[in-house]
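Just so we're on the same page, the numbering used here is the position in the sequence shown counted from 1, plus 66.
One structure below.
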Amino acid sequence: MSEVMDDRGDDSISPGFPYFEDGNIVTSALKKDGKKVVYRVHGSVLKLHSDIFADMFTLPAGAANLNLHDGVPQVHLPDLAEDIGQLLKVPYDPSSLPTKHHDPDKPLLVSGILKLANKYHFDALRTCMVE
């Protein structure tokens, strides 16, 4: 039997961007200071861009304990919240990606998101960043 837990009332959690009221999945991650940030997005958008997320969302609902946030399923990611937020923002706002080809700081600006694009198989995003 699965246990359902909802962390909606936890004051140590803050919403990050993107956070869409009509989103049907919440991802959470910890900031460098240990505070939890949640991002509410659309599973269909993540599935479109990442086969890792597509596979993650096909797991049977009763396979493990289910955590909820604001009434929707929550997936905790072991990555830095700052990097997760940047990764999740790009499908909604591609202009947010630092893409100046001759900017000497580009490797520093994209290192976190590039690592996650590789990890979660955001192939089009990765290609865009390394061109």
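All C-beta atoms in this analysis are idealised placements derived from N, C-alpha and C, irrespective of residue type, glycine included.
It should be emphasised that the depicted structure is a prediction, and the values quoted were computed from it without experimental measurement.
Of the choices P84, R106, S116 and G89, whose alpha-carbon is the least far from that of F188? Taking the sequence shown and counting its residues from 1, the one referred to as residue 188 is at position 122. Among P84, R106, S116 and G89, the Cα nearest to that of F188 belongs to S116.
Take the Cβ of K196 as the centre, count every other Cβ of all protein chains shown within 10 Å, and call the residue buried at 16 or more, exposed below. Position 130 of the sequence shown, counted from the first residue, corresponds to residue 196. The question names Lys, but residue 196 is Val in the sequence shown. Exposed is the call here.
Is it buried or exposed, A190, if we count other Cβ atoms within 10 angstroms and call 16 or more buried? Indexing the sequence shown from 1 puts residue 190 at position 124. Under this definition A190 is an exposed residue.
Pick out whichever of K113, S177 and T193 has its Cα sitting closest to the Cα of Q152. Taking the sequence shown and counting its residues from 1, the one referred to as residue 152 is at position 86. If we check each option's Cα against that of Q152, S177 comes out closest.
Could you tell me if F86 is buried or exposed, where buried requires 16 or more neighbouring beta carbons within 10 angstroms of its beta carbon? Position 20 of the sequence shown, counting from 1, holds the residue named residue 86. The residue in question, F86, is exposed, as its Cβ has fewer than 16 Cβ neighbours within 10 Å.
Within 10 Å of its beta-carbon, does P84 have 16 or more other beta-carbons around it, so buried, or fewer, so exposed? Position 18 of the sequence shown, counting from 1, holds the residue named residue 84. Under this definition P84 is a buried residue.
In terms of residues, what are the limits of the beta strand (DSSP E) holding L146? Indexing the sequence shown from 1 puts residue 146 at position 80. Boundaries of the beta strand (DSSP E) around L146: V138 to L146.
Of the residues E148, P170 and D171, the one placed nearest K101, counting alpha carbons only: Counting from 1 along the sequence shown, the entry for residue 101 is found at position 35. It is E148 whose Cα lies nearest to the Cα of K101.
Determine the closest residue to F123 out of L180, P144, D159 and I91, with distance taken between C-alpha atoms. Here residue 123 refers to the residue found at position 57 of the sequence shown. Of L180, P144, D159 and I91, the smallest CA-CA separation from F123 is found for I91.
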